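Taking my numbering, the leading residue of the sequence shown gets 871, the next gets one more, and so forth.
In this text, a Cβ means the ideal position worked out from N, Cα and C, and glycines have one as well.
Given the structure is predicted, the values throughout are model-derived calculations rather than measurements.
Okay, so here's the structure we're looking at.
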Amino acid sequence: TTSQAMYSPLSCMTLLCRLTLPTWPVDGICWLFRPLSRFYMTNFLTDPITTPTTPLLRRRGLHIMEEIKVFVADERHIKYVDTILDTIERAAKIRGTGIAKRSPEYVKQKMLERKAIIALDGDKFAGFCYIESWSNKQFVANSGLIVVDTYRGHGLAKRIKRKAFELSRERFPEAKIFGLTTGEAVMKINNELGYRPVAFASLTDDPAFWKGCESCVNFDILQRNNRRMCLCTGMLYDPHEHENKDNQELK
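Here is the structure:
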């Protein structure tokens, strides 16, 4: 951008040399500092969508995203359960938002049932999400979406979310897919997948699902509003709505 060009290492060092060494030819100054400037611009400018607290070297970041694999978890990934739960809890504290806590046994069971998505960078944990059916399989929730700090800002959450969405459609093709979130980024991803914001009354009425909210710090808000609203936004994907829309477009 213009602002980057104005304050690039090359321009700053050229100006400095002009002031301190006025007899040097400009071409010579540029030639001297060009390799250093190119190295800085290539390796140390952080991606604009990466959070300031978790900068990645641009070249390394792109390489990492290519190496990360996103797939359905199984018994081989049970060793990551504690890491997953620690990452979710730490992220909730940093954001200052509530979260429905899950036990290690619960997450382990999701993996054994092949109802979880995991992202790995080699053997390193990078992200996670799981699905669960409610109300006699009429609804499916995609929950627990998390991406490790150092992997954020490169579209990994979208890859995980899309994989969970595909798994939900494959395992429960007639079910409505829903989620509760306070995150703007998750809302944007959901919207791209075809979700729409809805009132809580449009979500599952299964007591077992809402019981999971009891561990959230905002549960009292949900109670005071008789489960009609909270700080989370309810979002829903109705496959029948999309089928009707597709049929209308074909006519």
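(request) With a threshold of 16 other CB atoms inside 10 Å of the CB of L953, please say whether the residue is buried or exposed. (result) In the sequence as displayed, the identity of residue 953 is Thr instead of Leu. So T953 ends up on the exposed side.
(message) Once DSSP output is grouped into helix, strand and coil, what is the label at G1082?
(response) helix
(request) Report yes if the C-beta distance between V1010 and S1038 is below 8 Å; otherwise report no. (result) yes
(message) Using only the alpha-carbon positions, how far apart do I1001 and H1024 sit?
(response) 23 Å
(request) Report the partner residues of R1066 according to the DSSP bridge assignment. (result) L1106
(message) With a threshold of 8 Å on Cβ separation, who are the neighbours of A1027 within its own chain once the five nearest residues in sequence on each side are excluded?
(response) G997, L1015, V1017, A1055, V1056, I1059
(request) Give the secondary structure of F1042 by DSSP, where H, G and I count as helix, E and B as strand, and everything else as coil. (result) coil
(message) At the level of alpha carbons, what is the spacing between H1110 and V1068?
(response) 16 Å
(request) Could you tell me whether the Cβ atoms of N1088 and L1101 are closer together than 8 Å? (result) yes
(message) Once DSSP output is grouped into helix, strand and coil, what is the label at K971?
(response) coil
(message) Considering only their Cβ atoms, is the gap separating Y1065 from L1092 smaller than 8 Å?
(response) no
(request) List in chain order: all unbroken beta strand (DSSP E) runs of 3+ residues lying wholly within the region 930–1010. (result) 939–942, 986–991, 994–1004
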